[in-house]
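To start, the structure under review is shown below, and the notes come after it.
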Amino acid sequence: MTLELKNLTKTYGSLTVLENVSLKLEDIHSLVFIGPSGGGKTTLLRLIAGLETPDSGEIIINGHPVEYGSEETLREYRKRLGMVFQAYNLFPHLTALDNITLPLVQVHGYKPERAREEALILLERFHLADQAHKRPAQLSGGQKQRIAICRAVALRPEFLLLDEPTSALDPEYTSEVLDLIEELREEGMRLILVTHEMGFARQASDYLLFVGDRGIIAQGPPAVLFEGQGDDRVNRFLNKVLKYN
Ligand SMILES: Nc1ncnc2c1ncn2[C@@H]1O[C@H](COP(=O)(O)OP(=O)(O)O)[C@@H](O)[C@H]1O
Ligand SMILES: [Mg+2]
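Here the sequence shown stands for residues 48 to 292, numbered as in my numbering.
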């Protein structure tokens, strides 16, 4: 996957979150955003997902610019990617199975039978088959988030965007969710991920962006970024978040 940002600027009212950010990454398999809270990671991810529109500049993915101008093109574009948010966003009144099949049927035009088959295969594969007929309220946080990931993956996205997928979880559920993401990565799923789990960021990324101060403060493969010889702001952040790790 290639990702290019060209003079990307995003503001919310008088707040400039990203200012003239440019970047060109080639052959990306697993891109991870880290950085301080409020630094703009979610904003950048949502811009890439076509859920926010930049004030100016462009995002070009695999050679094609994201076309923010047309709602219809944007909708088609969004169908090609999977998105997982911090808090699971499952429909509370639907079973795990129906949460997965609903978008397959309604957005992607699958026949209900086929959607069900696809969903059951995924649930089986990720050891969630026993949970298929439970509603979100009957599931643990880790199970809910794994169902949410299954739902995104069922759509066979070109890439999967995840925004702090473990930050709303009780600590005992973190590893089962990270294991699932790691499994997907090993199978070749393209990922763009925001995380505060530095161990995971280090292991699961092939490239890291440190987002803050209106742009990308530092970037590089994990071995380089975690080396700690770069920008002071990165080192200060890493010292804080790694202190008790
Ligand atoms: N929809 C919005 N309206 C106004 N301000 C926003 C909105 N979304 C994010 N912000 C602000 O933009 C800044 C960057 O936020 P965000 O991208 O969520 O950072 P991060 O994900 O790195 O914590 C923060 O100051 C946040 O309060
Ligand atoms: Mg965020």
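C-beta atoms are modelled at their ideal positions from N, C-alpha and C, and glycine is treated no differently.
Helix, strand or coil at residue i [DSSP, three-state]
| i | result |
| --- | --- |
| N54 | strand |
| Y59 | strand |
| E234 | coil |
| F113 | Correcting the residue type first, residue 113 is Val in the shown sequence and not Phe. V113: coil per DSSP, three-state reduction. |
| M245 | helix |
| E211 | coil |
| S252 | coil |
| C284 | Rather than Cys, the amino acid found at residue 284 in this sequence is Phe. Looking at F284 - three-state DSSP - the assignment turns out to be helix. |
| Q153 | helix |
| I194 | helix |
| S222 | helix |
| N67 | strand |
| E164 | helix |
| I263 | strand |
Ligand 1 heavy atom lying under 7 Å from the CB of residue i
| i | result |
| --- | --- |
| S84 | yes |
| V224 | no |
| L285 | no |
| Y59 | yes |
| L62 | yes |
| V131 | no |
| V258 | yes |
Rounded distance between the beta-carbons of residue j and residue i, thought under 8 Å
| i | j | result |
| --- | --- | --- |
| A96 | L128 | 6 Å |
| L137 | P183 | 5 Å |
So which residues touch the region around ligand 2, with touch meaning a C-beta under 7 Å from any heavy atom?
In chain order, the qualifying residues are K88, T89, D210, E211, V241.
Would you say the segment 57–72 touches the segment 242–253, given that touching needs at least three Cβ pairs under 8 Å?
Taking 8 Å as the limit for Cβ pairs, the verdict is that the segment 242–253 does not touch the segment 57–72.
Segment contact, 8 Å Cβ cut-off, at least three pairs: the segment 111–124 with the segment 192–209
These segments do not touch.
Flag this pair as touching only if the segment 128–140 and the segment 197–216 have three or more C-beta atom pairs under 8 Å; answer yes or no.
By the Cβ criterion, the segment 128–140 is in contact with the segment 197–216, since at least three pairs of Cβ atoms, one from each stretch, lie closer than 8 Å.
Cβ contact check for the segment 136–156 and the segment 171–185: 3 or more pairs under 8 Å:
Flag = yes, the segment 136–156 and the segment 171–185 touch.
Could you tell me whether the segment 169–178 touches the segment 88–105, where touching means 3 or more Cβ pairs closer than 8 Å?
The way I'd put it, the segment 169–178 doesn't touch the segment 88–105; fewer than three beta-carbon pairs between them come closer than 8 Å.
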